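Residue numbers (my numbering), protein chains in the order written: chain A, 61 to 365; chain B, 763 to 1060; chain C, 462 to 796. Below: one structure, written as structure tokens.
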Amino acid sequence: MLRFILKRAGLAILVAFTVSLISFSLLFLSGDPAAAIAGEHASDQDIEAIRRIYGFDRPMLLQYWEWLSSALMGDFGESYYFKLPVAGLIAERLSITMTLGVCGISFALLTAVPLGVAAAIRPNSLLDRFALFLSVAGQAMPSFWFGLILIVVFSIQLGWLPPSGTATPLHFVMPTIVLGYYAMPAIMRLTRAGMLEVLSSDYIRTARAKGAPEGLVMFKHALRNAIIPVVSLAAVQMGFMLGGSIVVESIFALHGAGYLAWESISRNDLPTVQALILVFSMFYIVFTFLADVLNAWLDPRMRAG
Amino acid sequence: MTQTADPLLQEITGPTPGQLLRKRIFGHQGLLIGSIVLGLLVIVALFAPLIAPHDPYAQSLLARMEPPVFLGGSWEHPLGTDHLGRDYLSRLIYGARVSLLIGLVAALISGLIGTAMGVAAGYFGGRVDAVVTFLINVRLAMPVVLVALAVVAIFGGSLTVVITVLGLLLWDRFAVVMRASTLQVQGREYVAAARAIGCSNTRIVMSEIMPNIVNNLIVVITLEMAHAVLLEAALSFLGLGVQPPTPSWGLMVSEGKQMMLFEPWLVLIPGFVLFALVLSINLLGDGLRDVTAPENRN
Amino acid sequence: MTDTPILSVRNLTIDIPVGGGTLHAVRGIDFDLNRGETLCIVGESGSGKSLTSLALMGLLGKKISRRADRMEFDGIDLMKTSQRGMRKLRGLRMSMIFQEPMTSLNPAYTIGDQLAEALLLHKKVSREQARARAVELLEKVGITAAKSRLSQYPHQLSGGLRQRVMIAMALMCEPELIIADEPTTALDVTIQAQILRLLVDLQKELGMAMILITHDLGVVARVADKVAVMYAGELVETGPAADVFGAPAHPYTRGLLRCIPVPGKTERGAELGTIPGIVPSLVGEVSGCPFRTRCDHAVDACRQPIPLREQQAGRHSFRCVHPDGRAASPQEVPA
Chain A
61 MLRFILKRAG LAILVAFTVS LISFSLLFLS GDPAAAIAGE HASDQDIEAI RRIYGFDRPM
121 LLQYWEWLSS ALMGDFGESY YFKLPVAGLI AERLSITMTL GVCGISFALL TAVPLGVAAA
181 IRPNSLLDRF ALFLSVAGQA MPSFWFGLIL IVVFSIQLGW LPPSGTATPL HFVMPTIVLG
241 YYAMPAIMRL TRAGMLEVLS SDYIRTARAK GAPEGLVMFK HALRNAIIPV VSLAAVQMGF
301 MLGGSIVVES IFALHGAGYL AWESISRNDL PTVQALILVF SMFYIVFTFL ADVLNAWLDP
361 RMRAG
Chain B
763 MTQTADPLLQ EITGPTPGQL LRKRIFGHQG LLIGSIVLGL LVIVALFAPL IAPHDPYAQS
823 LLARMEPPVF LGGSWEHPLG TDHLGRDYLS RLIYGARVSL LIGLVAALIS GLIGTAMGVA
883 AGYFGGRVDA VVTFLINVRL AMPVVLVALA VVAIFGGSLT VVITVLGLLL WDRFAVVMRA
943 STLQVQGREY VAAARAIGCS NTRIVMSEIM PNIVNNLIVV ITLEMAHAVL LEAALSFLGL
1003 GVQPPTPSWG LMVSEGKQMM LFEPWLVLIP GFVLFALVLS INLLGDGLRD VTAPENRN
Chain C
462 MTDTPILSVR NLTIDIPVGG GTLHAVRGID FDLNRGETLC IVGESGSGKS LTSLALMGLL
522 GKKISRRADR MEFDGIDLMK TSQRGMRKLR GLRMSMIFQE PMTSLNPAYT IGDQLAEALL
582 LHKKVSREQA RARAVELLEK VGITAAKSRL SQYPHQLSGG LRQRVMIAMA LMCEPELIIA
642 DEPTTALDVT IQAQILRLLV DLQKELGMAM ILITHDLGVV ARVADKVAVM YAGELVETGP
702 AADVFGAPAH PYTRGLLRCI PVPGKTERGA ELGTIPGIVP SLVGEVSGCP FRTRCDHAVD
762 ACRQPIPLRE QQAGRHSFRC VHPDGRAASP QEVPA
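In structure tokens:
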């Protein structure tokens, strides 16, 4: 178990370094960062001066090393647009994105798991078909369109929910649904498939032969085994969702990290963009790592090994 | 024992594999619906100039935001006009070209990259496999929307840039699936036999392995095509994908958003067409998987 | 033992819907089992042995239908017992041991939890009492260091140990009837004998009735009080083990017996018997003797419904058109 965790941790760190290298090199893909900072009306001398001040004239690897070492200390440089430390900007915005992510994954799990279980208990029933329909539709639904439809219906027509902002918990309802619906199909399908497989296994028959009531068979004996892969999928989806929050945050004008990313990209604010890519990657890496560990812990066969 | 007509002895004659496949294809609702809708959209996209009633770029300040026919508009503009007075139906029809082109080409590019990586990893194993698996992990760790937005912002939102970026980003599922399929086929006797008679690696991969995993490849191509279509729409919606005045469905939703309060159909119509396209591609992909490998159905 | 049988089955029929028809998997089975007796059900794979036992436990799948004129356990009509009522019988008064010890235990829970559950489901006892009972039974089934095993997970045990755990689990509530469905098939040969001996000893010690399902005739000869031979969903011959083995009446039973070597009787180098042909498909209407396509004595009358013949009234019976299981004309190659 410990060896497994160490191995995974080592891999995660290696992946993180590679991602940092890629996100750093984006800066140079853009051509001349100095020109970007100086703005459209700058003279050549101005650009040259900025290049020297920011150190863009030095070898790239050296710059990467400096960027990385300060990034490890929590310093991502200064935003070209806000002229403020990037780390502070992101930290300020992150709580909204995290709230949204946690709400979204909870919503996805709370709807998808019961639906998947119910569908597996009665395959090909009306409920099963409905669940399948929801998941197929969910995979094809453009999330920005879904968000706008919700706004049209619940904010404009019915006036039940606020269309944008973060002032109250009500503001998070629609963003949560849109973001959660994105993760729902995969979780539902995996729960259903896992339950179907487990329900046909020998140990379920053993439980019934012992005289266990159906409820106990379903939840204690079947779900406990079927849920293991779902837990790790949920963690991975959580990582994806935080990365995908950019669309949702822009629709509902939630000023979180995703919104910041969108603004910064539009404004060519590269240090902020770089840092955000790294931060979102780190979330994914950490969540998949936690998923692996949790998975190993939930499965007695891996816990011992 | 010479009882010829004993019912117990009757040979059980089943349908041939071909008959079975046909039966499965025509018995699969999702596959049928998916291919019909997708087929229609492809025809519309191919013959856009013949079908579209107007020039999708022609603006008319006198006929702005006319409602569609079913909301009291005229047949002159069956689906109404947008905020610049451009015919909505024509823009939708030309938009099909953009979506399908981006989806197909991006899926082909990433398919090429991902398949090469996945097959190499599965076939050679060892270090090659370790490197490919690592690259897949790195790729999965990068937030697709964010990276795509950033790169498109840097290079400018032309069709070529969007296609290239998506093509370079969406290879992960190809690599994962092709690696697993290759590993599975790898252990079969006919591969060992080919090796035993001294076939080259290229030959084994091309004539022994590829034909046996190509059905999985086709399924992933459809799924990633749907993914690319959705991503393009999202990028364009955020204003960092295909640039105006190109008729992209995501862009149309974004432009309609300003008027959403008064004219919700401006958002509903292009979004629905997008939904229908992605749904039909997904149904086709799921259907192909069910039909070619019924044992993999969950 | 002449009291009323603990288990009495008449005309048990099991149908399974399959693509394009109905599989008549079990057709018209009759048998009785007295307290403390062992009944061995013998037959090839697919002959309906396991389905019969699952039908008794009420564990057939939802789509599988069973019918019977009578199916009574200690005077309780199992056909009329609700799912709820069956749950109260299962594990408490009738238990079952399955073929696959490797997959029959839940991988997510410890041995102790799973053993204790069997008792806690039926009796008002504390967890400690249930665990104490589990230790007691683990010792009884010959597991050393029983107490420390309680916290182990199934994957940490070998197949033989797991089957011992399964037996202990079945015995937690001291059932009156135990059904063992090929309990040793999945195990190593050396382990097979141990497990079987254990099962038979426990059955004698606890005075349970037992149904042992097997295709191993050697096992049957050693442990059975009664034998029921099944072929393609029908009971072709049934009776006291000594009678069936001593004077097999049905051609299928005789064929089966020819397939096993008997020390001292089978000549060295002599060919063992085989039964040519394959088991017929049971989809659609099945009439007449199902064995006729492989039988040396088949005649036209075999396509008609076959009468039940009594070799010895009320004891040994079989289904064959021939009065003694053989055609009049001497066609048969002597065994």
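No residue lacks a Cβ here, since even glycine has one placed at the ideal position from N, Cα and C. The structure presented is a predicted model; accordingly, all values stated were derived computationally and were not measured.
Against chain B, with Cβ distances strictly below 8 Å, would residue i count as a contact?
i, result
"Val212 of chain A", "yes"
"Gly365 of chain A", "Confidence at Gly365 of chain A is low in this model, with a pLDDT of 49, below 50, so its placement is unreliable and no value can be given for it."
"Val333 of chain A", "yes"
"Val307 of chain A", "yes"
Using C-beta distances below 6 Å, list every residue in its chain close to residue i, excluding the 5 sequence neighbours before and after it, in chain order.
i, result
"Phe77 of chain A", "none"
"Gln664 of chain C", "Met671"
"Val79 of chain A", "Ser341"
"Gly365 of chain A", "Residue placement at Gly365 of chain A is poorly supported in this model, since its pLDDT is 49, which falls under 50; the coordinates are not used for a value here."
Could you check whether residue j and residue i sit closer than 8 Å to each other, using their CB atoms as the reference points?
i, j, result
"Gly929 of chain B", "Ile983 of chain B", "no"
"Ile640 of chain C", "Ile672 of chain C", "yes"
"Val697 of chain C", "Thr714 of chain C", "yes"
"Asp844 of chain B", "Glu994 of chain B", "no"
"Val688 of chain C", "Val680 of chain C", "no"
"Met633 of chain C", "Leu566 of chain C", "no"
"Leu175 of chain A", "Ile288 of chain A", "no"
"Met987 of chain B", "Ile925 of chain B", "no"
"Trp322 of chain A", "Val1015 of chain B", "no"
"Ala1038 of chain B", "Ala869 of chain B", "no"
Closer than 7 Å by C-beta to residue i: which residues in its own chain qualify, once you throw out the five before and the five after it? Chain order, please.
i, result
"Gln706 of chain B", "Nothing in the structure corresponds to residue 706 of chain B, since chain B is present only between 763 and 1060."
"Val794 of chain C", "No answer about Val794 of chain C holds up, because its pLDDT of 44 lies below 50 and its placement is not dependable."
"Leu256 of chain A", "Ala180 and Pro183"
"Ser305 of chain A", "Thr157, Leu160, Gly161, Leu239, Gly316 and Gly318"
"Gly603 of chain C", "Arg625 and Leu659"
Who are the neighbours of residue i on chain A, taking C-beta pairs under 9 Å?
i, result
"Phe559 of chain C", "Asp262, Arg265, Thr266 and Ala269"
"Ser408 of chain C", "In the structure as shown, chain C starts at 462 and stops at 796, and residue 408 of chain C therefore has no counterpart that could be examined."
"Met904 of chain B", "Val79, Ile82, Ser83, Gly303, Ile337, Phe340, Ser341 and Tyr344"
"Glu578 of chain C", "Ala267, Lys270, Ala272, Leu276 and Lys280"
Could you check whether the Cβ of residue i sits closer than 8 Å to any Cβ belonging to chain A?
i, result
"Lys785 of chain B", "no"
"Leu520 of chain C", "yes"
"Arg548 of chain C", "yes"
"Pro568 of chain C", "yes"
"Pro811 of chain B", "no"
"Gly552 of chain C", "yes"
"Ser511 of chain C", "no"
"Thr764 of chain B", "Confidence at Thr764 of chain B is low in this model, with a pLDDT of 42, below 50, so its placement is unreliable and no value can be given for it."
"Ser748 of chain C", "no"
"Leu582 of chain C", "yes"
"Ser514 of chain C", "no"
Report the neighbours of residue i on chain B: residues whose CB is nearer than 7 Å to its CB, in chain order.
i, result
"Gly304 of chain A", "Val907"
"Ser310 of chain A", "Leu1000"
Does chain C have any CB closer than 8 Å to the CB of residue i?
i, result
"Arg361 of chain A", "yes"
"Arg63 of chain A", "no"
"Pro183 of chain A", "no"
"Pro273 of chain A", "yes"
"His315 of chain A", "no"
So which residues on chain A does residue i lean against when the C-beta distance must stay under 7 Å?
i, result
"Asn1044 of chain B", "Val196, Gln199 and Ala200"
"Thr564 of chain C", "Ser261, Asp262 and Tyr263"
Residues in its own chain within less than 8 Å of residue i by CB, not counting five upstream and five downstream?
i, result
"Ser609 of chain C", "none"
"Ile467 of chain C", "Leu494, Asn495, Arg496, Phe534, Asp535, Glu637, Leu638 and Ala670"
"Leu250 of chain A", "Gly176, Pro289, Val290 and Leu293"
Would you grab the beta carbon distance between residue i and residue j for me? Rounded to a whole angstrom, and I think it's under 8 Å.
i, j, result
"Leu208 of chain A", "Ile73 of chain A", "With 8 Å as the limit, Leu208 of chain A and Ile73 of chain A do not qualify as a contact, their Cβ atoms being about 40 Å apart."
"Val661 of chain C", "Val503 of chain C", "So it is not a contact: roughly 16 Å between Cβ atoms."
"Gly522 of chain C", "Gly271 of chain A", "Not a contact, Cβ separation roughly 18 Å."
"Glu138 of chain A", "Leu144 of chain A", "7 Å"
"Val1053 of chain B", "His790 of chain B", "6 Å"
What does residue i reach in chain C if we use C-beta pairs closer than 8 Å?
i, result
"Pro235 of chain A", "Within 8 Å Cβ-Cβ: nothing; Pro235 of chain A doesn't reach chain C, min ~36 Å."
Residue i touches chain C at which residues, Cβ-Cβ below 9 Å?
i, result
"Arg284 of chain A", "Asn567, Ala569 and Tyr570"
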